[in-house]
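Reminder that position 67 of the sequence shown reads as 69 in our numbering, one-by-one numbering, no gaps.
Cβ coordinates follow ideal geometry from the N, Cα and C atoms, glycine included.
Heads up: the structure comes next, in structure tokens.
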Amino acid sequence: MDLRELAEDIRARFLEQGVTVPTSDIEQRLNSLVYDFKVPIEEARRSVVSYFAKLHPKEGVASETEVIYAKIADINTEDIWINLRVRVVQLWEPNSPSIAQVGLLGDETGTIKFTSWSNANLPILRDGQSYSIRNVVTKSWQGRFSVSLNKASEIAPLDEEVAVGRAEEEISGAIIDVQSGSGLVKRCPECNRVVVKGHCAEHGEVSGVYDLRVKGVLDNGEIVSDVLFNREMTERLTGITLEAAKEMAMEALDQNVAADAMKAVVIGRYYRVRGNKTPRWLLITDFEELPKMDEDEIDAVLKRAQGRL
Ligand SMILES: [Zn+2]
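As structure tokens, then:
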């Protein structure tokens, strides 16, 4: 069936519902999806029906089109178009202006990285909110899969919450480094990105909201892991509250003093940490400090660390 025929077919279905949609409008949209965005024809048909059904919500045409949602754990092929029912698990800071949002989506079967491109002009996804996200493309890099949200993607918030099966991990080791970007940071009130010199990559000049975090490096004797402590965990870890960090910074006229104070507390100490695994970070949800290692053990760990860093 060519796109012209398909467009006629869709038009006829809408007519049965008492809705008139010009064939040319339908065909144009089909063309764009199939040729510009390489959407499979069946998916393009669903997308177009859903689009025009939304313009005429009372007729209920959309309910006839059943959408098939993929499970994250089943994603094993590159460059295919899928639909997902997911919750936003984590938002990261985009490292390029061409990226509107980047982070992790989760469903019952696991989590996957997503990238939402700026030129797609999609609605901003909120942390913790569940969505139906249709027409995303699977990507693969170094054996890890991700999904790309693009101009053809359709995002609709869900009322119910999607349960997320997380990959939890527990490790024990010494914190051997605290990375830059730790300590007292300011976040954009709109998108939660960390603001650099009062400037959000997406929203320009903003008056940021203070937050605390520690981006640590934990060495268990065999491998090093990037571990991220959020504000609550950072306050417990370092004993330095957000208020105290702000006071320190104001007194010294330097935002970095909080990070220095935190380094002084945590480097060389031994912890058992538990958290949610993302491709790069272990997002700490709980931890306990372990008895101090003796001087020789600390020395050995730090020496190994210096060899690697
Ligand atoms: Zn922003």
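Which stretch, first to last residue, makes up the alpha helix (DSSP H) that contains residue i?
i, result
"T240", "233-240"
"E156", "It is not in any alpha helix (DSSP H) - E156 instead sits in the beta strand (DSSP E) that spans 156-159."
Does DSSP put residue i in a helix, in a strand, or in coil?
i, result
"L57", "helix"
"D11", "helix"
"S100", "coil"
"R146", "strand"
"E192", "coil"
"F289", "strand"
"E207", "strand"
"A307", "helix"
"S227", "strand"
"L127", "coil"
"Y37", "helix"
"V21", "coil"
"V51", "helix"
"G183", "coil"
"R136", "strand"
"D109", "strand"
"G62", "Since pLDDT at G62 reaches only 43, below the 50 mark, its modelled position is unreliable, and the value read off the structure follows with that caveat. The answer is coil: DSSP assigns G62 none of H, G, I, E or B."
Pop quiz: residue i and residue j are said to be a contact at Cβ under 8 Å. What is the actual Cβ separation, rounded to whole angstroms?
i, j, result
"A165", "E110", "5 Å"
"S120", "V138", "Not really, about 16 Å apart at Cβ, beyond 8 Å."
"L304", "I178", "6 Å"
"E45", "W83", "5 Å"
"L35", "A154", "6 Å"
"T113", "V91", "5 Å"
"I74", "N85", "Going by Cβ atoms, the distance from I74 to N85 rounds to 12 Å, so no, they are not a contact pair."
"V197", "C190", "5 Å"
"T25", "E10", "6 Å"
"R215", "R195", "Contact flag wrong, Cβ pair sits at about 13 Å."
"V268", "L239", "6 Å"
"T79", "T117", "Their Cβ separation, rounded to whole angstroms, is 18 Å, which puts T79 and T117 out of contact at 8 Å."
For residue i, verify whether its CB is less than 7 Å away from any heavy atom of ligand 2.
i, result
"E95", "Questions concerning ligand 2 fall outside what the structure shown contains, since the ligands it does hold are ligand 1."
Starting from residue i, trace the beta strand (DSSP E) both ways and give me its first and last residue.
i, result
"V216", "211-221"
"N33", "Run containing N33: none in the beta strand (DSSP E); it sits in the alpha helix (DSSP H), 25-33."
"K115", "112-119"
"A261", "It is not in any beta strand (DSSP E) - A261 instead sits in the alpha helix (DSSP H) that spans 259-268."
"L244", "Counting along the chain, L244 falls outside any beta strand (DSSP E), though it belongs to the alpha helix (DSSP H) covering 244-254."
"I84", "83-94"
"G200", "That residue, G200, is in no beta strand (DSSP E); it is neither H nor E in DSSP."
"Y272", "272-279"
"A176", "170-180"
Using a beta-carbon distance below 8 Å, is residue i in contact with chain B?
i, result
"G218", "Looking for chain B here will not work: only one protein chain is present."
For the 8 Å Cβ check, are there 3 or more pairs between the segment 127-147 and the segment 221-228? By the Cβ criterion, the segment 127-147 is not in contact with the segment 221-228, since fewer than three pairs of Cβ atoms, one from each stretch, lie closer than 8 Å.
Quick check: the segment 150-166 against the segment 280-289, are at least 3 beta-carbon pairs closer than 8 Å? The segment 280-289 vs the segment 150-166: no contact.
Could you tell me whether the segment 90-104 touches the segment 126-133, using the rule of 3 or more Cβ pairs below 8 Å? yes
Taking three-plus beta-carbon pairs below 8 Å as touching, is the segment 260-274 in contact with the segment 213-223? yes
Any contact of the segment 183-195 with the segment 235-253, i.e. 3+ C-beta pairs under 8 Å? yes
Touching by the beta-carbon criterion (3+ pairs, under 8 Å), the segment 200-210 and the segment 249-257: Under the three-pair Cβ rule at 8 Å, the segment 200-210 does not count as touching the segment 249-257.
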